[in-house]
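Number of protein chains: 2
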Amino acid sequence: MSSRVTAAEVARAAGVSRSAVSRVFTPGTSVSPATRQRVEASAARLGYRPNALARTLITRRSRIIGVVMAAIDNPFHAQLLQCLDAALQQRGLAILLRSAMRPELTDELILHLLSYQVDGVIVASGLVSSSAAKACVAASTPVVMLDRLMRASRASAVGSDNRAAARMAAEHLLAIGRRRIAFMSGTPGISTSDDRARGFLEGLATAGLKPIAVASGGYDYAGGRLAAQSLLAHAPDGIFCENDLMAMAVIDAVRSAGGVRVPEDLAVIGFDNIPAAALPAYALTTVAQDAQEMAEAAAALLEARIAEPGRKATRRLIPCTLVRRQSA
Amino acid sequence: MSSRVTAAEVARAAGVSRSAVSRVFTPGTSVSPATRQRVEASAARLGYRPNALARTLITRRSRIIGVVMAAIDNPFHAQLLQCLDAALQQRGLAILLRSAMRPELTDELILHLLSYQVDGVIVASGLVSSSAAKACVAASTPVVMLDRLMRASRASAVGSDNRAAARMAAEHLLAIGRRRIAFMSGTPGISTSDDRARGFLEGLATAGLKPIAVASGGYDYAGGRLAAQSLLAHAPDGIFCENDLMAMAVIDAVRSAGGVRVPEDLAVIGFDNIPAAALPAYALTTVAQDAQEMAEAAAALLEARIAEPGRKATRRLIPCTLVRRQSA
DNA sequence: GTGAAAGCGCTAACAC
DNA sequence: GTGTTAGCGCTTTCAC
Numbered sequence: 001m002s003s004r005v006t007a008a009e010v011a012r013a014a015g016v017s018r019s020a021v022s023r024v025f026t027p028g029t030s031v032s033p034a035t036r037q038r039v040e041a042s043a044a045r046l047g048y049r050p051n052a053l054a055r056t057l058i059t060r061r062s063r064i065i066g067v068v069m070a071a072i073d074n075p076f077h078a079q080l081l082q083c084l085d086a087a088l089q090q091r092g093l094a095i096l097l098r099s100a101m102r103p104e105l106t107d108e109l110i111l112h113l114l115s116y117q118v119d120g121v122i123v124a125s126g127l128v129s130s131s132a133a134k135a136c137v138a139a140s141t142p143v144v145m146l147d148r149l150m151r152a153s154r155a156s157a158v159g160s161d162n163r164a165a166a167r168m169a170a171e172h173l174l175a176i177g178r179r180r181i182a183f184m185s186g187t188p189g190i191s192t193s194d195d196r197a198r199g200f201l202e203g204l205a206t207a208g209l210k211p212i213a214v215a216s217g218g219y220d221y222a223g224g225r226l227a228a229q230s231l232l233a234h235a236p237d238g239i240f241c242e243n244d245l246m247a248m249a250v251i252d253a254v255r256s257a258g259g260v261r262v263p264e265d266l267a268v269i270g271f272d273n274i275p276a277a278a279l280p281a282y283a284l285t286t287v288a289q290d291a292q293e294m295a296e297a298a299a300a301l302l303e304a305r306i307a308e309p310g311r312k313a314t315r316r317l318i319p320c321t322l323v324r325r326q327s328a
Numbered sequence: 001m002s003s004r005v006t007a008a009e010v011a012r013a014a015g016v017s018r019s020a021v022s023r024v025f026t027p028g029t030s031v032s033p034a035t036r037q038r039v040e041a042s043a044a045r046l047g048y049r050p051n052a053l054a055r056t057l058i059t060r061r062s063r064i065i066g067v068v069m070a071a072i073d074n075p076f077h078a079q080l081l082q083c084l085d086a087a088l089q090q091r092g093l094a095i096l097l098r099s100a101m102r103p104e105l106t107d108e109l110i111l112h113l114l115s116y117q118v119d120g121v122i123v124a125s126g127l128v129s130s131s132a133a134k135a136c137v138a139a140s141t142p143v144v145m146l147d148r149l150m151r152a153s154r155a156s157a158v159g160s161d162n163r164a165a166a167r168m169a170a171e172h173l174l175a176i177g178r179r180r181i182a183f184m185s186g187t188p189g190i191s192t193s194d195d196r197a198r199g200f201l202e203g204l205a206t207a208g209l210k211p212i213a214v215a216s217g218g219y220d221y222a223g224g225r226l227a228a229q230s231l232l233a234h235a236p237d238g239i240f241c242e243n244d245l246m247a248m249a250v251i252d253a254v255r256s257a258g259g260v261r262v263p264e265d266l267a268v269i270g271f272d273n274i275p276a277a278a279l280p281a282y283a284l285t286t287v288a289q290d291a292q293e294m295a296e297a298a299a300a301l302l303e304a305r306i307a308e309p310g311r312k313a314t315r316r317l318i319p320c321t322l323v324r325r326q327s328a
């Protein structure tokens, strides 16, 4: 627990009332310069800081935002979290973090956050059930889905334009003359994953093509390595992976098998543009997501809905860009 | 803000007093099965959840832990944060996160966390001034420095045994016959960095050697790449880097220069054992820090000091292990 | 501009 | 076992 020293003690020390102390620490109130100075002096001397929790009880604004995020150790998620913290911090908001190792726990974590009177919730993990969504609505706590869509809900959402981005990846493979194209998905069933799959298929369809092979890698390196085996068996000349980690796994699988050269024999495209994608050992061509823009948009959306509770939920799509390196 | 519905409403609906409701939701209290059931039914129907903040006001336990961490996008930090969340979550504690882009802001962030009545603080970033440390003591909020030591303070600390670990790295380089050894530090002045430097020098000294060259890489890839230039100019046959990111940069610098082979001509050792170190393209021999153990220890230490405020600050050193791959 | 009083939602003594 | 009472530390009418 924190500061034993309360407003009452500061008031006594400064020879004023509790209200005067409160006003000094509440922006937008009027206090005489003399009082303010006296109060500030005593406060500083005693080391007083207002109890943010007690204040919340009355103002109904905690200035804390609940964030549910899975797999922080995924480089892109880490980046997102970092940007999110910066964007919220700038608005005077702090993050109450809960990471969901298992997506089915997301609901419970959200409910728990609600009991801490968070001003809003950002979900970048798992699925949110309609019951949890209802709880948020009931608590009139705005929710923003980040990099994920909620099944059927009135939650706002911010994400990359995954569909257009994946189409772009397909078009690039076609443009560099690839025709035997394989696809490695992440986790089918998640909106992000499905959108990328859809866009990619659409892109190939413009050339009247379909993937010669499809596999799921679960968005991580180990899974990607496994999925790569099955894909490579079809001797593709191009592969699009739903994230960079899996694309790197493909490159490593190719190297360890020997014979096939990247990009000459096989072009590889990833997604995210994590720092590791730029390593010379991989030089991965990839679809870059703008983590900073996504975080900023999520923060802005949440802020707007907090300020104006009646506001309708919105959906914001951030465009992606293709970053060409050597792998495709 | 959350649940409009209060204990009073549940009490009315269930035909009991507020206290009865409170008791049902407070572990370790006795309520008759009949009452409990009635209350739980009404609560469920109304969607009631106790207001954790109001509760904190009275119990003086928020069950939230403030975490100050820099550079979440550093893979090792991300891992640490993830493990920390798991360890705390297991104890029913949530993380109020504040990331410090600039270490000199650490103080301010800590003060801010204190106003949220956090039960404890974990600092894994920057330096903590004595004034901030005093504020924590005054608020009787225990602090654990994670992967960092506080200048002169009564804060508990958990970290790797950096000195012994670095000595081990030196001994390994010597054992594989290297004699022209260079050293790349992270950020001199930070205890972690200085401990590694000290241990490494001690290790070399056992063979009567000194580094033939020293440079600082700032713990990131770009900085490591730069520092590598100056180190490689001295034609070392072994390099120890204070983290994996910089070690990978050294390997890339060597490759781009051409001529020198790793590990035949130059052995490279890193520190952390981040996931990328295991990539076949780097196969980095490195000193592994046990993030999970560190997080667990930090959580346990904090928990103990929260339960028993009088308890003395302790220092816990987690041993590291050498992970041999191909680079050394 | 300032103080007195009321109350945010909850738990903890205390009687019964 | 249960209700009543008294605050936790704060902001906010409301008179002055």
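As they're listed, the protein sequences go chains A and B. Under the working numbering, the first sequence is numbered contiguously, ending at residue 328. Under the working numbering, the second sequence is numbered contiguously, ending at residue 328. A virtual CB, placed ideally from N, CA and C, is assigned to each residue, including glycine.
- Residues of the segment 111 to 128 of chain A whose Cβ lies closer than 9 Å to any Cβ of chain B, in chain order: Leu111, His112, Leu113, Leu114, Ser115, Tyr116, Gln117, Val118 and Asp119.
- By DSSP's assignment, A:Phe240 forms a beta bridge with A:Phe183 and A:Ile269.
- A direct Cα-Cα distance of roughly 46 Å separates A:Ala166 from B:Gln117.
- Close partners of A:Gln289 in chain B (Cβ separation under 8 Å) are lacking, with about 14 Å as the shortest Cβ gap.
- Taking 8 Å as the upper bound for CB-CB distance, B:Ile65 and B:Asp119 are in contact here, some 6 Å apart.
- Approximately 16 Å separates the beta-carbon atoms of B:Val260 and B:Gly224; this is outside 8 Å, ruling out the contact.
- At a cut-off of 8 Å between C-beta atoms, B:Arg49 counts as an interface residue with respect to chain A.
- Cβ-Cβ distances below 8 Å link B:Ser125 to Val68, Met69, Ala70, Ala71, Ser99, Ala100, Pro103, Thr106 and Arg148 in the same chain, with the five nearest sequence neighbours on each side left out; the list follows chain order.
- Residue contact check for A:Pro280 against chain B: a CB pair falls below 8 Å.
- Within chain A, no C-beta atom comes less than 9 Å from the C-beta of B:Asp244; the nearest is roughly 11 Å away.
- For the pair A:Gln89 and B:Gly177, the Cα-to-Cα distance works out to about 51 Å.
- Against chain B, the beta carbon of A:Leu97 has neighbours under 9 Å at Val67, Leu81, Asp85, Ala94, Ile95, Leu96 and Leu97, listed in chain order.
- Under the three-state reduction of DSSP, B:Met101 is assigned to coil, being neither helix nor strand.
- Every unbroken stretch of the alpha helix (DSSP H) spanning 4 or more residues and falling wholly within the segment 21 to 84 of chain A is given here in chain order: 33 to 46 and 52 to 59.
- When DSSP states are grouped into helix, strand and coil, B:Arg198 belongs to the helix group.
- Ranked by Cα distance from A:Asp272, the options A:Ser62, A:Ser131, A:Ala215 and A:Ser160 are led by A:Ser160.
- The beta carbon of A:Ser216 sits closer than 8 Å to the beta carbons of Met184, Ser185, Gly186, Thr187, Pro188, Gly223 and Ala227 from its chain, once the five residues preceding and following it are set aside; these are given in chain order.
- In the DSSP assignment, A:Gly159 falls within the unbroken beta strand (DSSP E) covering Ser156 to Ser160.
- Looking at B:Leu84, B:Cys83, B:Ala78 and B:Asp85, the one whose alpha-carbon comes closest to that of A:Gln82 is B:Ala78.
- Between the C-alpha atoms of B:Ala139 and A:Ser62 there is a straight-line separation of about 21 Å.
- No Cβ of chain B is located within less than 8 Å of the beta carbon of A:Ile318.
- Under the three-state reduction of DSSP output, A:Pro188 falls in the strand class.
- A:Val254 sits in a helix when the DSSP states are folded into three classes.
- Closest option to A:Arg324, judged by alpha-carbon separation, among A:Met168, A:Tyr48 and A:Glu303: A:Met168.
- Close CB contacts of A:Leu80 within its chain, under the 8 Å cut and outside five residues either way in sequence, are with Met69, Ala124, Leu146, Asp147, Ala291, Met294 and Ala295 (chain order).
- Near chain A, meaning a CB-to-CB distance below 8 Å, no residue of the segment 225 to 236 of chain B qualifies.
- Of the residues assessed, A:Glu264 falls on the exposed side of the cut-off, its CB having fewer than 16 other CB atoms within 10 angstroms.
- Against B:Asp147, chain A offers no close residue; the least beta-carbon distance is about 16 Å (beta-carbon pairs closer than 7 Å).
- CA-CA distance, B:Ala298 to B:Arg316, rounds to 9 Å.
- Scanning chain B for C-beta atoms nearer than 8 Å to the C-beta of A:Met101 yields Ala86, reported in chain order.
- Non-local C-beta neighbours of B:Leu113 in its own chain, meaning closer than 8 Å and more than five positions away in sequence, comprise Gly66, Val68, Leu96, Arg98 and Val121, ordered along the chain.
- Within the segment 252 to 285 of chain B, Asp252, Arg255, Ser256, Pro275, Ala276, Leu279, Pro280, Ala281 and Tyr282 place their CB atoms closer than 8 Å to a CB of chain A, listed in sequence order.
- In terms of Cβ geometry, B:Gly270 and B:Asn243 form a close pair [threshold 8 Å].
- The straight-line gap separating the alpha-carbon atoms of B:Gln229 and B:Ala253 is approximately 7 Å.
- Annotation for B:Leu231: Ala182, Met184, Ala213, Ala215 and Ile239 place their beta carbon closer than 7 Å to its own, counting only its chain and skipping 5 residues before and after.
- Relative to B:Asp237, the option among B:Ser19, B:Ile190 and B:Leu173 whose CA is nearest is B:Leu173.
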